[in-house]
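Working notes, structure below.
Number of protein chains: 2
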Amino acid sequence: MNAPESLRKPLPQAFIDTLSSRFGDRFTISAGVCAHHGHDESHFPDALPDAVVFPHTTDEVVIVVETCREHQVPIIPYGVGSSLEGHILAIHGGISIDFSQMNRIVELHAEDMDVVVQPGVTRKQLNAELHGTGLFFPIDPGADASLGGMAATRASGTNAVRYGTMRENVLGLTAVMADGRVIRTGGRARKSSAGYDLTRLLVGSEGTLGIITELTIKLHPLPEAVSAATCAFPDVVAAVNTVIQTIQLGIPIARIELVDALTVQAINRYSKTTLREVPMLFFEFHGSEAGVEEQARTVQDIAREHGGLDFEWASRPEDRSRLWAARHDVYFASLNLRPGSRGITTDVCVPISRLADCVAATRAEIDASGFIAPIVGHVGDGNFHTVILVDPENPEEIDRAEALNHRIVRRALEMGGTCTGEHGIGLGKQAFLLEEHGAAAIDAMRLIKQALDPDDLLNPGKILPAV
Amino acid sequence: MNAPESLRKPLPQAFIDTLSSRFGDRFTISAGVCAHHGHDESHFPDALPDAVVFPHTTDEVVIVVETCREHQVPIIPYGVGSSLEGHILAIHGGISIDFSQMNRIVELHAEDMDVVVQPGVTRKQLNAELHGTGLFFPIDPGADASLGGMAATRASGTNAVRYGTMRENVLGLTAVMADGRVIRTGGRARKSSAGYDLTRLLVGSEGTLGIITELTIKLHPLPEAVSAATCAFPDVVAAVNTVIQTIQLGIPIARIELVDALTVQAINRYSKTTLREVPMLFFEFHGSEAGVEEQARTVQDIAREHGGLDFEWASRPEDRSRLWAARHDVYFASLNLRPGSRGITTDVCVPISRLADCVAATRAEIDASGFIAPIVGHVGDGNFHTVILVDPENPEEIDRAEALNHRIVRRALEMGGTCTGEHGIGLGKQAFLLEEHGAAAIDAMRLIKQALDPDDLLNPGKILPAV
Numbered sequence: 001m002n003a004p005e006s007l008r009k010p011l012p013q014a015f016i017d018t019l020s021s022r023f024g025d026r027f028t029i030s031a032g033v034c035a036h037h038g039h040d041e042s043h044f045p046d047a048l049p050d051a052v053v054f055p056h057t058t059d060e061v062v063i064v065v066e067t068c069r070e071h072q073v074p075i076i077p078y079g080v081g082s083s084l085e086g087h088i089l090a091i092h093g094g095i096s097i098d099f100s101q102m103n104r105i106v107e108l109h110a111e112d113m114d115v116v117v118q119p120g121v122t123r124k125q126l127n128a129e130l131h132g133t134g135l136f137f138p139i140d141p142g143a144d145a146s147l148g149g150m151a152a153t154r155a156s157g158t159n160a161v162r163y164g165t166m167r168e169n170v171l172g173l174t175a176v177m178a179d180g181r182v183i184r185t186g187g188r189a190r191k192s193s194a195g196y197d198l199t200r201l202l203v204g205s206e207g208t209l210g211i212i213t214e215l216t217i218k219l220h221p222l223p224e225a226v227s228a229a230t231c232a233f234p235d236v237v238a239a240v241n242t243v244i245q246t247i248q249l250g251i252p253i254a255r256i257e258l259v260d261a262l263t264v265q266a267i268n269r270y271s272k273t274t275l276r277e278v279p280m281l282f283f284e285f286h287g288s289e290a291g292v293e294e295q296a297r298t299v300q301d302i303a304r305e306h307g308g309l310d311f312e313w314a315s316r317p318e319d320r321s322r323l324w325a326a327r328h329d330v331y332f333a334s335l336n337l338r339p340g341s342r343g344i345t346t347d348v349c350v351p352i353s354r355l356a357d358c359v360a361a362t363r364a365e366i367d368a369s370g371f372i373a374p375i376v377g378h379v380g381d382g383n384f385h386t387v388i389l390v391d392p393e394n395p396e397e398i399d400r401a402e403a404l405n406h407r408i409v410r411r412a413l414e415m416g417g418t419c420t421g422e423h424g425i426g427l428g429k430q431a432f433l434l435e436e437h438g439a440a441a442i443d444a445m446r447l448i449k450q451a452l453d454p455d456d457l458l459n460p461g462k463i464l465p466a467v
Numbered sequence: 001m002n003a004p005e006s007l008r009k010p011l012p013q014a015f016i017d018t019l020s021s022r023f024g025d026r027f028t029i030s031a032g033v034c035a036h037h038g039h040d041e042s043h044f045p046d047a048l049p050d051a052v053v054f055p056h057t058t059d060e061v062v063i064v065v066e067t068c069r070e071h072q073v074p075i076i077p078y079g080v081g082s083s084l085e086g087h088i089l090a091i092h093g094g095i096s097i098d099f100s101q102m103n104r105i106v107e108l109h110a111e112d113m114d115v116v117v118q119p120g121v122t123r124k125q126l127n128a129e130l131h132g133t134g135l136f137f138p139i140d141p142g143a144d145a146s147l148g149g150m151a152a153t154r155a156s157g158t159n160a161v162r163y164g165t166m167r168e169n170v171l172g173l174t175a176v177m178a179d180g181r182v183i184r185t186g187g188r189a190r191k192s193s194a195g196y197d198l199t200r201l202l203v204g205s206e207g208t209l210g211i212i213t214e215l216t217i218k219l220h221p222l223p224e225a226v227s228a229a230t231c232a233f234p235d236v237v238a239a240v241n242t243v244i245q246t247i248q249l250g251i252p253i254a255r256i257e258l259v260d261a262l263t264v265q266a267i268n269r270y271s272k273t274t275l276r277e278v279p280m281l282f283f284e285f286h287g288s289e290a291g292v293e294e295q296a297r298t299v300q301d302i303a304r305e306h307g308g309l310d311f312e313w314a315s316r317p318e319d320r321s322r323l324w325a326a327r328h329d330v331y332f333a334s335l336n337l338r339p340g341s342r343g344i345t346t347d348v349c350v351p352i353s354r355l356a357d358c359v360a361a362t363r364a365e366i367d368a369s370g371f372i373a374p375i376v377g378h379v380g381d382g383n384f385h386t387v388i389l390v391d392p393e394n395p396e397e398i399d400r401a402e403a404l405n406h407r408i409v410r411r412a413l414e415m416g417g418t419c420t421g422e423h424g425i426g427l428g429k430q431a432f433l434l435e436e437h438g439a440a441a442i443d444a445m446r447l448i449k450q451a452l453d454p455d456d457l458l459n460p461g462k463i464l465p466a467v
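This is the structure:
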C-alpha cells in the first residue's frame with residue numbers, strides 16, 4: 001500500500017529545518033513515532049508518514065499547512081488511529097498532524113447544551129469533563145475516538161438511532177484550508193440558512209478538504225431514567241423484525257443493537273459472560289421514569305410477538321456498563337475467534353424494511369464462504385457490520401474476503417442502501433462509492449476537492465477513486 | 001433591483017426557438033406569466049424573468065439547462081414564490097423553471113418512513129397524500145411551500161424544535177448541475193459516510209449550485225396523542241424563560257411558539273380570535289397519551305413559575321387547527337396592522353440562553369424606532385422574526401427599516417447567533433453572511449460555486465456577495 005517511490009518523495013531538508021526550528025520536540029522524523037502513525041485498525045498494510053508534528057493551536061496548524069504547501073508535502077490529520085478504513089495511512093508519505101496535544105475543552109455552554117472543543121478531545125474525555133453538568137455527548141462508535149476524527153469520518157454508533165450521527169451533532173467547525181486560510185463554519189445557533197453548509201461538507205470529508213482544528217458540538221440532557229435489557233431470539237430474522245416494528249412505531253429507543261449467535265459466542269469467551277448463544281438484541285431506553293417504563297413495555301410486547309425468548313434487565317449502572325462494554329469489545333472479541341487474524345469490517349446500511357432480508361442473506365453468504373465472520377449491528381438505523389476474519393499474511397484469503405465484502409455491498413446497494421453507514425470510504429471503498437453514487441456525483445465531489453485543494457495535499461488518495 | 005441593461009441581455013431568438021419547439025405551450029415569454037414569476041413575498045422590487053418553462057421530468061430540466069448553457073442564459077428555479085428573501089427574482093433576467101407541473105409523489109415507502117417526490121409537491125399536498133398511512137411530514141414553514149423550494153432555502157418552521165429542519169429531513173436528492181449532468185446524492189439509508197455530503201451542500205444552496213428535480217424525504221409516525229395549548233405571560237422575558245427551561249430539561253416538545261402582544265392584537269383582528277393581548281406561547285405536545293400528559297404537566301409547572309397567567313387547552317383537532325391557522329396567518333395579519341404596507345422580515349436565531357435578552361432588546365429597539373413590527377418566534381430553536389411594516393413607496397422608510405434589521409442582526413451575531421434561521425440569504429442578507437462567517441469562509445463558498453457553476457448561470461446574484 002506504500003506509494004511507488006516515484007510518488008513518495010523524501011522530505012526536503014528545508015521543510016525539516018523549518019518545522020524543527022518552529023516546533024522543537026513537537027516535530028519528529030523518528031522511525032518509531034512515524035511507525036505508530038502509519039498504522040490503524042484496518043486490515044490495510046501500514047503506510048508510514050515521513051514526519052509527525054504535534055500542534056497546540058490553530059495558528060500552529062496554519063504554519064504546518066503553509067510549510068507543506070511551500071514544499072508540496074502531503075498532510076494527514078491524525079486523531080487516535082482508530083480508523084477502520086485506512087484513513088490515516090500515509091500512502092503518499094508526508095506529515096501526520098497528531099492532534100493529541102490539542103485536547104482542550106475550549107468553552108462549555110451548559111445552558112445552551114453545546115461545547116467547543118479541540119479535535120484531540122476524545123469522546124470519553126468529553127463525557128468525563130461533562131460530569132456534574134447534567135449533560136452528555138451521546139455519540140459512541142465503540143472506540144474512544146477523537147472528536148476530530150469522528151467528525152472527519154461522520155461517525156455514529158450505538159446511540160445514533162435516537163441522537164443522530166456527527167452530521168446532526170456538529171454545529172460548527174474551525175478548519176485550516178489547503179491555502180492556509182482559517183474558516184469558521186456554522187455557529188452556535190441550533191439552525192441556520194446562512195449560505196452553503198460548509199460544516200456538513202467538512203463532516204465526513206476524511207481530512208481531504210480541510211483540517212478541523214475546533215468543533216462546536218451539541219450536547220444532550222442526561223435522561224432522568226435509563227434502562228437496558230437483552231433479549232434472545234430464535235433467529236436473526238425474528239430479532240430484526242422486532243427492530244423494524246419498534247422503529248416504525250416511532251418508539252424513541254436510545255440503543256437497539258443486534259448481535260448474532262457467533263458474536264454472542266465471541267463475547268462469552270472474551271468478556272467472560274454467560275449469555276445464551278443465540279441471536280440477541282441489546283436495548284437501552286432513555287426518558288422520564290414513566291416514559292422508560294412505557295417504552296420498555298411496548299418493546300417487550302413486540303419482542304414477544306416475534307418469539308423473543310426472555311427479556312433480561314440491566315437497570316443498575318454497573319450492569320449496564322458491563323453490557324455495553326461487552327458490546328464495545330465485540331471487535332476484539334471477534335478477532336479472538338481466530339488468533340492472529342485481522343478483521344475486514346463491512347459497514348452497509350439499508351432502509352429498515354430490507355434489513356431482515358439483508359442480514360439473513362449476508363449470514364447465508366458468509367456461511368457458504370467458509371469465513372468466520374460475526375454480525376453485529378446498529379440495527380435501528382439499518383446499519384450492520386460483519387467482521388470477516390482473515391490471515392493478514394494470506395493474500396488469496398484477503399482477496400476472497402474482499403470479494404465477499406463486495407457481494408455484501410452490492411446487495412445493500414440493490415436494496416437502496418449505502419456501502420458505509422459510519423466508517424467512511426478511506427482506501428478500500430472507493431470503487432463502492434462510484435457504484436453507489438455514479439460518475440456524475442463523484443465528478444462533482446472531485447470538482448469540489450480540486451477547487452479547495454488544487455495541489456492535492458490534504459490526505460491524498462482517500463475517498464475519491466483515482467482518475 | 002432589475003439589473004443594469006448591460007447585464008440583462010435579450011434572449012437570443014435561437015434559444016426561444018429551441019425551447020418553444022421542444023416544450024410547446026409549456027415554454028412562454030408572455031408578459032403576464034413572466035410578471036407572475038418575477039414577484040415573491042419579500043419587499044424587494046419585482047424582477048421579471050424573460051421566459052418561463054414548465055418541465056415534467058428531470059430529462060426536460062437537462063434540456064433547459066443545456067440550452068441555457070449554450071446561450072448563456074441565467075436559470076432561476078421557481079416553486080410557489082413564497083420566498084421572503086427575493087430568491088426567485090430574476091435580477092439578471094433569464095428563464096424561470098416553474099416546477100408546478102413536477103408535482104408527483106414518485107415512490108412512497110411507508111414501511112421505511114420515506115418518500116420520493118418531485119420538487120413541485122407542496123407540503124400540504126404531501127400530507128394530504130399521506131392520509132391513512134400513519135405517517136406525516138412535519139416541517140411547516142407556514143406558507144404551503146414547495147418541497148424543492150423548502151430544500152433550497154433549508155426551511156424549517158414551527159415543528160423544527162422536535163423534528164429538525166430540511167437539513168435533517170432530506171435523505172437524498174436528484175439534481176441537474178450547471179454542466180447538464182444529473183447527480184444523485186444521499187440515498188434511502190438513514191445514515192451514510194459515503195463521500196462528501198452533496199445532499200447537505202445542495203440543501204440551502206438556493207438554486208445556485210444545482211437544480212433539485214427529485215427529493216427523498218424522511219417521514220415521521222403520526223403521534224398517538226397530540227395536544228396544544230396557549231399560555232399568556234406578563235412579559236416577553238417571562239415567556240422566553242419558560243421556553244429556555246423547557247428546552248434545557250430536554251422535554252421533546254413538538255412546537256413552542258412566541259407571539260408578542262402586538263402580534264396577538266394583529267391575530268385577534270385578522271383571525272377574529274379573542275386572545276388576551278399580552279405575550280403568549282403556543283405549545284404542541286406529541287407522544288403517547290401518557291407521554292403527552294407528562295410533558296404538558298411539566299411545561300405547565302415551568303410556565304407557572306415564570307408567571308404564566310393561564311393555560312388554555314386545544315385538544316380537539318378543530319381547535320388545534322384554528323390555533324395554528326391563526327399562527328400561520330401572522331404574516332398577513334401583521335401586514336393588516338398597516339394597510340398597504342409590505343413586511344421586511346428579520347430572521348435571527350441565537351443560542352437559547354441569549355434568547356430572552358435578544359428578544360427584549362429587539363422589542364425595545366423597535367419601540368424606539370417608531371415602526372410597527374410584531375415579534376413571533378420558533379423560540380424552541382432560538383429563532384424569532386420581526387415583521388417591520390414599511391411603505392413600499394417610501395425609500396427613506398425602507399432604508400431606516402433595513403438599518404433596524406441590521407442592528408437586530410448584529411446583536412444576534414454578537415450573541416453567537418445567525419442572520420437567518422430559516423429564510424435564507426437571497427438578495428438582502430449577503431453583507432450579513434460576510435459578517436457572520438468572515439471572508440475566508442465566503443471565499444471557500446465562492447470556490448465551490450465557481451467549480452460547480454463556472455459560467456454563473458444558476459440563480460446568479462443570490463447568496464454570495466459580489467466581488
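These protein sequence lines map, in sequence, to chains A and B. Using full-length UniProt numbering, the letters of the first sequence correspond one by one to residues 1 to 467. Using full-length UniProt numbering, the letters of the second sequence correspond one by one to residues 1 to 467. Every residue, glycine too, gets a C-beta built ideally from N, C-alpha and C. Nothing here was measured: the structure is a model prediction, and the numbers come from that model.
(1) Output, in chain order, the set of chain A residues within a Cβ distance shorter than 8 Å of CYS349 (chain B).
(2) So GLY343 (chain B) and HIS43 (chain B) are supposed to be a Cβ contact under 8 Å. How far apart are they, rounded?
(3) Tell me, please, which residues DSSP counts as bridged to LYS218 (chain A).
(4) Following the continuous alpha helix (DSSP H) through HIS39 (chain B), name the residue where it begins and the one where it ends.
(5) So within the stretch 113 to 196 of chain A, which uninterrupted alpha helix (DSSP H) runs reach at least 4 residues, ignoring any that extend past its ends?
(6) Quick one: is PRO339 (chain B) buried, meaning 16 or more other Cβ sit within 10 Å of its Cβ, or exposed?
(7) For the putative contact between PHE285 (chain A) and ALA296 (chain A), defined by C-beta atoms under 8 Å, what is the C-beta separation to the nearest angstrom?
(8) If we ignore side chains and look at the alpha-carbon of each, how far apart do ARG22 (chain A) and GLN13 (chain A) end up?
(9) How would you list, in chain order, the residues of chain C whose beta-carbon sits under 7 Å from the beta-carbon of SER288 (chain A)?
(10) Using only alpha-carbon positions, find the residue among A:GLY380, A:ILE366 and A:ALA373 that is nearest to SER353 (chain A).
(11) Does DSSP classify MET415 (chain A) as helix, strand or coil?
(12) Let me know the secondary structure DSSP gives PRO55 (chain B) once reduced to three states.
(13) Determine, for GLU214 (chain A), whether the minimum Cβ-Cβ distance to residues of chain B falls below 8 Å.
(14) At the level of alpha carbons, what is the spacing between GLY134 (chain A) and PRO223 (chain A)?
(15) Taking buried to mean at least 16 other C-beta atoms within 10 Å of its own C-beta, is GLU5 (chain A) buried or exposed?
(16) Which one or two residues does DSSP pair with PRO77 (chain A) in a beta bridge?
(17) Got a sec? Which residues, its chain only, sit under 7 Å from ALA326 (chain A) by beta carbon, not counting five neighbours each side?
(18) Given this structure, state the Cα-to-Cα distance separating THR418 (chain B) from PHE54 (chain A), to the nearest angstrom.
(19) Spell out whether any CB of chain A is found under 8 Å from the CB atom of LEU383 (chain B).
(20) Between the alpha carbons of THR216 (chain B) and GLY204 (chain B), how many angstroms are there, rounded?
(21) According to DSSP, is ASN336 (chain B) helix, strand or coil?
(22) Just the C-alpha distance for ILE251 (chain B) and GLY291 (chain B), rounded to the nearest angstrom, thanks.
(23) Determine the burial state of LYS462 (chain B): buried for a count of at least 16 other Cβ atoms within 10 Å of its Cβ, exposed for fewer.
(24) Determine, using beta carbons only, whether PRO351 (chain B) and GLY207 (chain B) come nearer to each other than 8 Å.
(25) Put VAL61 (chain A) into one of helix, strand or coil per three-state DSSP.
(26) Just the C-alpha distance for HIS378 (chain A) and GLY421 (chain A), rounded to the nearest angstrom, thanks.
(27) Give a yes or no on whether the C-beta atoms belonging to GLY428 (chain A) and GLU85 (chain A) are separated by under 8 Å.
(28) Just by C-beta distance, which residues in the stretch 410 to 423 of chain B are closer than 9 Å to chain A?
(29) SER100 (chain B) and HIS37 (chain B): beta carbons closer than 8 Å?
(30) Could you tell me the alpha carbon to alpha carbon distance between GLU365 (chain B) and CYS358 (chain B), rounded to whole angstroms?
(31) Taking the CB atoms as reference points, tell me whether VAL117 (chain A) and LEU126 (chain A) lie closer together than 8 Å.
(32) Measure the C-alpha to C-alpha separation of VAL299 (chain A) and SER156 (chain B) and round it to an integer number of angstroms.
(33) Taking the runs of the alpha helix (DSSP H) that are 4 residues or longer, which of them lie wholly in the stretch 306 to 368 of chain B?
(34) Whole-angstrom Cβ separation of VAL390 (chain A) and SER341 (chain A), contact assumed at under 8 Å?
Let me spell this out:
(1) ALA189, ARG190, LYS191 and SER192
(2) 7 Å
(3) A:ASP114
(4) Unbroken run through HIS39 (chain B): none, as it is neither H nor E.
(5) 123 to 129, 147 to 152, 160 to 163 and 166 to 169
(6) exposed
(7) 5 Å
(8) 14 Å
(9) Of the protein chains in the structure, A and B, none is chain C.
(10) A:GLY380
(11) coil
(12) coil
(13) no
(14) 9 Å
(15) With a pLDDT of 49 at GLU5 (chain A), under the threshold of 50, the predicted position of this residue should be treated as unreliable, and no value is reported.
(16) A:ILE97
(17) ILE267, SER271 and THR273
(18) 33 Å
(19) In the sequence under discussion, the amino acid at residue 383 (chain B) is Asn, which differs from the Leu named in the question. Taking Cβ atoms only, chain A reaches closer than 8 Å to ASN383 (chain B), which makes this a yes.
(20) 15 Å
(21) coil
(22) 10 Å
(23) buried
(24) no
(25) helix
(26) 9 Å
(27) yes
(28) ALA412, LEU413, MET415, GLY416, GLY417, THR418, CYS419, THR420, GLY421, GLU422 and HIS423
(29) no
(30) 10 Å
(31) yes
(32) 32 Å
(33) 317 to 328 and 330 to 335
(34) 6 Å
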